[in-house]
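All remarks here apply to the structure that follows.
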């Protein structure tokens, strides 16, 4: 068996660690293509961001002057611009600006040409393309509005020439020099044709020219104002009842025009949407309460469906279980109101489906079942009591009518005593009662044979009589119909059905009384026979 060492790699075979610097061309290409994901992957690997391609056939053998930051600004990619700045993409620029300041302090501004890195800056590209947020990102990174391109244009010249009003306004507010001329002696307004942009420039040119120190103060205040705008939106207290939606909308509109970040703008839009939904939810809850009970399809569509949709929107946008502004309670109220309205509407539908039935039959039972379920759901969801009462009344009447029909049909066929028993012998009478079921007579009662038989039970001293099956079934059917008739009067059951049931009840009660008399006679005969057997048993015991 081979040792583990047999499979070990030599040092030469070990995979060499990649030098991040070798990936610079790939990062540069990804930036050119505006491939943010790939760029971020390389940046996280600490690939240098100050790389510039050498002169080649691809760029006509001319040195490349666009840095990665230039490309990011050109594409208007705020995230990539910020990532490159965080990785030091502007380090050469900052050093150059520092040298310019030192030269200025030494009084050598006229004798030295501008550094190349301070010309044709990324801010020029962002201004040209109208990428306001990228302009802000570069201004926060201390890019100067005074830098020029190869013909002396400042970012202000380029924003004016390309009619980028929002960027133009931002640069003016950042103390750009509106009077400054390019190499062709043109001011920014000379390159501008758009009416709104020209108005901004005229206003800027009408103001006194500021000194360097004053300009620095204005620029710092401008940067601070952006922070204030963003903080004012981020710090909105949603738990406060004093939040004014219109004011927040105006603040967000102004902030977007000013140049707040996309994240802050999205946050503000979500806050407004949330407040609008809350407002909408309150109104729809109020409207549903005012129009309750919901008994028509029109009312249901107008108030219940719309409230359900809003509740669903609120639940998706926010955490309804979270604290603040009573939204959790409002959502619960909305859900409960919808359930109540749903129960009320379907209770009305179920009630109407059977309220026109003059007299219930077996065919009505299914609809009655739906009505019963609707009444139960209405009760659970605290529906309108009058609706529940009306539905219950209809259901009780129909239930009673079905019971009357069933009770009428529940009477068993029974053999009644002969009309002339006096003319029949005892044998003939016995055969009469046994002729239908000789082995198991259902028309004759009997005594229960307890353990003391033929003596009566010790605890009571009385024999236990079991009526005949026929008599018991007839009496049960009569009792059932009697109860149904009693309920029928209370529930206002169909009058014809009640009248018919009364006739049947009276007829069957006549039969029941006849069998009751026979039952009493049979009981007496059975007890006499048992007592006779008991006497014989006692005599045997004495012997």
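In the UniProt record's numbering, the protein residues as written are 1 to 543. For each residue, glycine too, the CB sits at the ideal point set by N, CA and C. As the structure is a computational prediction, the values presented were derived from the model and not from experiment.
Check                                                                                                                : Outcome
Stretch-stretch touch, CB-based, cutoff 8 Å, three pairs: the region 151–166 with the region 118–127                 : yes
Cβ neighbours of residue 408 in the same chain (closer than 8 Å, five flanking residues each side left out)          : 481, 500, 501 and 504
Residue 111 classed as buried or exposed, judged by whether at least 16 other C-beta atoms fall within 10 angstroms  : The predicted model places residue 111 with a pLDDT of 45, which falls under 50 and marks its position as unreliable; any figure quoted below should be read in that light. Result: exposed.
C-alpha gap between residue 148 and residue 44, whole angstroms                                                      : 33 Å
Reference residue 530; option with closest CA among 453, 342 and 25                                                  : 453
For residue 544, the three-state DSSP class (helix, strand or coil)                                                  : No answer is possible for residue 544: the residues shown for the chain start at 1 and end at 543.
Residue 435 burial status per 10 Å Cβ neighbour count (16 or more: buried)                                           : exposed
Residue 447 - partner residues in DSSP beta bridges                                                                  : 465
Buried or exposed by the 16-neighbour rule on C-beta atoms within 10 Å, applied to residue 361                       : exposed
Residue 400 to residue 349 span [Cα, whole Å]                                                                        : 21 Å
Residue 465 vs residue 490 beta-carbon contact at 9 Å                                                                : no
Continuous beta strand (DSSP E) assignments of at least 3 residues falling wholly in the region 66–151               : none
Cα-Cα separation between residue 268 and residue 286, rounded to whole angstroms                                     : 27 Å
Other residues of its chain near residue 381: CB distance less than 7 Å, five sequence neighbours each side excluded : 339, 340 and 343
Check whether residue 429 and residue 514 have beta carbons under 9 Å apart                                          : no
Test item: CB-CB of residue 162 and residue 196 under 9 Å                                                            : no
CB contact flag (residue 553, residue 73, <9 Å)                                                                      : This structure leaves residue 553 out entirely; the chain is present only between 1 and 543.
For residue 363 and residue 330, the rounded distance between their alpha carbons                                    : 44 Å
Euclidean distance between Cα positions of residue 274 and residue 290                                               : 24 Å
Proximity winner among 365, 525, 461 and 494, relative to residue 426 (alpha-carbon distances)                       : 525
When 69, 368 and 203 are compared against residue 592, the one with the closest alpha-carbon                         : The chain is shown from 1 up to 543; residue 592 falls before or after that span and cannot be answered.
Same chain only: Cβ atoms within 7 Å of residue 396, ignoring 5 sequence neighbours per side                         : 491
Three-way DSSP call (helix, strand, coil) for residue 279 in this model                                              : helix
Residue 39 versus residue 31 - alpha carbon distance                                                                 : 6 Å
Nearest candidate by alpha-carbon position, reference residue 555, set 461, 385, 229 and 494                         : Residue numbering for the chain in the displayed model covers 1 to 543; residue 555 lies beyond these limits and cannot be assessed.
Host alpha helix (DSSP H) of residue 380 (start-end)                                                                 : 365–380
Own chain, CB closer than 8 Å to residue 81, minus 5 neighbours either side, in chain order                          : 69, 72, 73, 122, 134, 137 and 138
Length-filtered (4 minimum) alpha helix (DSSP H) runs lying within the region 211–273                                : 212–234 and 245–258
As assigned by DSSP and simplified to three states, the class of residue 36                                          : helix
Assigned secondary structure, residue 422 (DSSP; H/G/I helix, E/B strand, else coil)                                 : helix
Range of the contiguous alpha helix (DSSP H) that encloses residue 204                                               : 195–205
Span separating the alpha-carbon of residue 146 from that of residue 218                                             : 14 Å
6 Å Cβ shell around residue 46 - same chain, five flanking residues per side excluded                                : 20
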